[in-house]
Structure formats: C-alpha cells, structure tokens
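**Q**
If you want it as structure tokens, here you go:
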C-alpha cells in the first residue's frame with residue numbers, strides 16, 4: 006500500500022513539468038482515482054458490520070493501519086464530493102490566471118489540492134498517533150499553500166501566515182493531549198491510548214485539550230480568528246473546500262475522541278451545548294453585518310459549526 010502511494014505521488018510530480026493546458030486534466034484524473042478508491046472502501050464499510058482495516062506499513066517501530074469505520078466512511082464520502090466539486094469549479098476560476106502565473110505556480114496549486122485531499126483521507130483513517138499527526142500537519146501546510154495562491158497581495162500573505170501560526174498552536178494542543186494519555190497509560194501515542202486513559206483518569210481536562218486543538222481547526226467562536234481572514238484571501242474554490250470539509254476535520258477529531266469517552270458525558274455534552282450555542286448565535290450575528298461575500302461565508306461557517314453540536318451527549 007505504501008509503495009503504491011509513493012508511486013502515485015511521484016507520478017503527480019509531472020504536474021510541474023507538463024504544459025499548463027494539461028495540468029487540470031492530470032489533477033482531475035488523479036482526484037477521480039483517489040475518490041473512487043477511497044469511496045469504494047467507504048461504501049464497503051457502510052454496508053458491512055466489520056471495520057475495514059488495512060496494513061499500511063511500519064513507522065518508527067509501530068505498525069500503521071488504515072482503519073475505516075462508519076464515522077470515517079461518512080466523512081470520506083463528503084470530503085471526496087466537496088473536493089471534486091471545488092476542483093471542477095477551479096477550471097473556470099483559474100482561467101484568468103493562466104497568463105499571470107507560471108507553470109510551476111499553477112502546478113504547485115494543483116499539486117497542493119491533491120496533497121490536501123490525500124492528507125484529509127489519512128486523517129480520517131489513521132489511528133496511530135505519529136502518522137496521524139504528520140497527516141494533520143501536511144493538511145495544514147497544503148491549505149497554507151492554497152491560501153497563498155495570490156502571494157503578491159500583502160493581505161493574502163498576512164492571512165496565510167496567521168492561518169499557519171494558529172494551526173501550529175492547535176497542533177501543540179493535540180500533541181500535548183496525546184502525550185499525556187501515552188505517558189499515563191504506557192501505550193504508544195495514538196487513539197488506542199485514549200480508551201485506557203479515559204477509563205482511569207478524570208475525562209474533562211484531557212478532553213478540553215483535544216477540544217482546543219480540534220476546535221481551532223473547526224472554527225468554534227473564540228477559536229475562529231483565522232477563518233474570516235483566510236476565506237477572503239483564498240481562491241473561491243478553496244474557500245468552498247475550506248467551509249465544506251477542511252474545518253469539518255476539526256469536528257471529526259472531536260467526534261473521534263468522544264467515541265473513546267464513556268463517563269462524564271453529561272458535563273461534556275453541556276459544555277459542547279454552550280459552546281455550540283454561542284458559536285451559532287454569534288456566527289450568524291457577525292455574518293449579517295458583512296458586505297464581503299467571502300467573510301459572510303466565513304461567519305456562516307462558524308454558525309454552522311455550532312448547529313450540529315447543539316445538543317448534549319446522552320449518558
């Protein structure tokens with residue numbers, strides 16, 4: 006599996022050397038292949054009671070598996086759809102830039118879209134901690150490059166830098182949370198250590214660390230400050246992908262952590278209810294005063310992030 010992936014990425018490097026007029030075709034073909042393969046596995050996971058689990062390789066002495074359960078399968082199908090729709094829209098959107106941008110700049114943009122898609126799929130399927138964190142970081146770096154498409158505009162550079170700084174702050178929260186669980190349980194860093202940790206230690210403090218890390222990506226209110234700047238700076242097709250699935254990776258992280266928690270559910274549910282209510286109300290309030298359509302989309306994204314979680318977890 007790992008060797009096939011490396012060959013796939015190596016083949017995609019041709020995007021940088023082929024003529025501009027073929028770059029979209031190569032990118033779209035790669036996206037179709039990636040979506041078909043991952044979508045097929047996701048549908049299989051939905052239709053079976055068994056969890057799809059494939060050996061990916063060995064990393065730092067730990068066996069790494071790609072695991073697709075029904076939660077991962079749902080997010081995979083949504084990610085595939087939104088990224089494909091965004092890529093189709095980009096064909097017309099990027100047409101005026103073909104004379105302004107070099108072959109390398111356009112190639113980097115298309116390559117980053119594929120890298121973003123691939124990294125999101127890995128985030129959704131990896132359980133081993135180090136590989137998950139690498140995929141999470143690659144996802145942020147690919148998004149940073151995509152936001153920076155119009156790098157000649159000072160506000161775009163400022164928004165991209167603000168985004169990557171806050172993503173690294175989120176990354177630190179997630180790393181610290183994983184380290185605490187690993188040290189306490191003696192298990193390798195990863196989601197497997199959470200099951201044992203949450204059975205023996207107070208749940209809420211560690212959950213708050215994970216929530217801070219994943220919540221910054223999701224754009225919950227008070228953790229959202231990168232979002233209204235990144236949306237106007239990014240190309241329109243990237244703004245759509247950002248609202249549609251990139252920020253939903255934060256929601257996935259929170260949901261994934263919740264699957265390992267079996268105690269203190271009422272307090273966690275109440276906390277999520279309050280944060281979600283505030284995000285929903287303030288998000289729509291800030292949205293209605295916006296005149297920039299992309300900022301309007303950004304604040305409505307914050308509102309929508311709050312809506313699905315506006316209910317307590319049942320104990």
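In this note's numbering, the protein residues as written are 6 to 320. From the three backbone atoms N, C-alpha and C, an ideal C-beta is built for every residue, glycine too. Everything numeric in this text was worked out from a predicted model, so none of it was measured.
1) Quick one: residues in its chain with C-beta nearer than 8 angstroms to the C-beta of residue 87, no 5 flanking neighbours on either side, listed in chain order?
2) The alpha helix (DSSP H) with residue 246 in it runs from where to where?
3) When the Cα atoms are used, what is the spatial distance from residue 31 to residue 84?
4) Tell me the DSSP bridge mates of residue 69?
5) Between which residues of its own chain and residue 315 is the CB-CB distance below 8 angstroms, once the five residues before and five after are set aside?
6) Cα separation between residue 207 and residue 299?
7) If distances are taken between C-alpha atoms only, which option among 34, 127, 18, 103 comes closest to residue 47?
8) Leaving aside the five residues before and after residue 154 along the sequence, list all residues of the same chain whose C-beta is less than 6 angstroms from its C-beta, in chain order.
9) Between which two residues does the alpha helix (DSSP H) holding residue 75 run?
10) What number of angstroms, rounded off, separates the C-alpha of residue 44 from the C-alpha of residue 78?
11) Quick one: Cα of residue 136 to Cα of residue 143, how far?
12) Nearest CA to the CA of residue 255: which residue from 235, 288, 219?
13) Quick check: the segment 306-313 against the segment 219-231, are there 3 or more CB pairs under 8 angstroms?
14) Let me know the secondary structure DSSP gives residue 17 once reduced to three states.
15) Would DSSP call residue 131 helix, strand or coil?
16) Whole angstroms are fine: how far does the CA of residue 65 sit from the CA of residue 176?
17) Between the Cα of residue 3 and those of 242, 269, 193, 229, spot the shortest distance and give me the residue it belongs to.
18) Under 8 angstroms, with one C-beta from each stretch per pair, do the segment 186-199 and the segment 155-170 reach the 3-pair mark?
19) Following a CB-centred definition, is residue 239 positioned closer than 7 angstroms to any heavy atom of the ligand GTP?
20) By Cβ distance, which residues of its chain are closer than 8 angstroms to residue 121, with the 5 residues on each side in sequence left out?
21) Quick one: what's residue 195 bridged to in DSSP?
22) When the Cα of residue 130 is compared with those of 54, 61, 36, which residue comes out closest?
23) Indicate whether residue 51 and residue 75 have their beta-carbon atoms separated by less than 8 angstroms.
24) Please tell me whether residue 229 and residue 94 are closer than 8 angstroms, where the distance is taken between their beta carbons.
25) How far does the alpha helix (DSSP H) with residue 102 in it reach, from first residue to last?
26) Could you give the distance in angstroms between the alpha-carbon of residue 318 and the alpha-carbon of residue 110?
27) Apart from the five residues just before and just after residue 99, which ones in its own chain have a Cβ nearer than 6 angstroms to its Cβ?
**A** So, from the data block:
1) Translated into the one-based positions of the chain shown, residue 87 becomes position 82. Excluding sequence neighbours, residue 87 sits near 245, 246, 249, 250.
2) Here residue 246 refers to the residue found at position 241 of the chain shown. Residues 241-246.
3) As a position in the chain shown, residue 31 is number 26, starting the count at 1. As a position in the chain shown, residue 84 is number 79, starting the count at 1. C-alpha separation (whole angstroms): 19 angstroms.
4) Counted from its first residue, the chain shown places residue 69 at position 64. Its beta-bridge partners are 62.
5) Here residue 315 refers to the residue found at position 310 when the chain shown is read from its first residue. Low local confidence applies: a pLDDT of 40 at residue 315 is under 50, so the model's placement there is unreliable, with the coordinate-based value given in what follows. Correct list, in chain order: 278, 281, 282, 285.
6) The count along the chain shown starts at 1 and reaches residue 207 at position 202. The count along the chain shown starts at 1 and reaches residue 299 at position 294. Their backbone Cα atoms lie some 41 angstroms apart in a straight line.
7) For the purposes of this step, residue 47 is taken as residue 42 along the chain shown, with counting starting at 1. Per the Cα distances, 127.
8) On the chain shown, position 149 is the one that residue 154 refers to. Contacts found: 114, 240.
9) Taking the chain shown and counting its residues from 1, the one referred to as residue 75 is at position 70. Unbroken alpha helix (DSSP H) run through residue 75: 75-98.
10) The residue labelled residue 44 in the question sits at position 39 within the chain shown. The residue labelled residue 78 in the question sits at position 73 within the chain shown. Going by the C-alpha atoms only, they are around 8 angstroms apart.
11) Position 131 of the chain shown, counting from 1, holds the residue named residue 136. Position 138 of the chain shown, counting from 1, holds the residue named residue 143. Going from the Cα of residue 136 to the Cα of residue 143 covers about 11 angstroms.
12) Position 250 of the chain shown holds residue 255. Cα-wise, what sits closest to residue 255 is 219.
13) yes
14) Translated into the one-based positions of the chain shown, residue 17 becomes position 12. The answer is helix: DSSP assigns residue 17 an H, G or I state.
15) Here residue 131 is taken as the residue at index 126 of the chain shown, counted from 1. Strand.
16) As a working note, residue 176 is residue 171 in the chain shown. As a working note, residue 65 is residue 60 in the chain shown. Each residue's alpha carbon lies about 20 angstroms from the other.
17) This structure leaves residue 3 out entirely; the chain is present only between 6 and 320.
18) no
19) Of ligands this structure carries none, so the ligand GTP is not represented either.
20) The residue given as residue 121 occupies position 116 in the chain shown. Counting only Cβ-Cβ distances below 8 angstroms, and skipping sequence neighbours, we find 88, 144, 147, 148, 151, 246, 251.
21) Position 190 of the chain shown, counted from the first residue, corresponds to residue 195. Per DSSP, 133.
22) The residue labelled residue 130 in the question sits at position 125 within the chain shown. Of the candidates 54, 61, 36, the one whose C-alpha sits nearest the C-alpha of residue 130 is 61.
23) Along the chain shown, read from residue 1 onward, the residue named residue 51 stands at position 46. Along the chain shown, read from residue 1 onward, the residue named residue 75 stands at position 70. Contact flag set, yes.
24) One-based indexing of the chain shown puts residue 229 at position 224. One-based indexing of the chain shown puts residue 94 at position 89. For residue 229 and residue 94, no; Cβs fall outside 8 angstroms.
25) Locating residue 102 in the chain shown gives position 97, counting from the first residue. Counting along the chain, residue 102 falls outside any alpha helix (DSSP H), and DSSP gives it neither H nor E.
26) For this step, residue 318 is matched to residue 313 along the chain shown. For this step, residue 110 is matched to residue 105 along the chain shown. With a pLDDT of only 41 at residue 318, under 50, the local geometry of the prediction cannot be trusted, and the value read off the model is given with reservation. Going from the Cα of residue 318 to the Cα of residue 110 covers about 46 angstroms.
27) Position 94 of the chain shown, counted from the start, is the residue given in the question as residue 99. Taken in chain order, the list of residues that qualify is empty.
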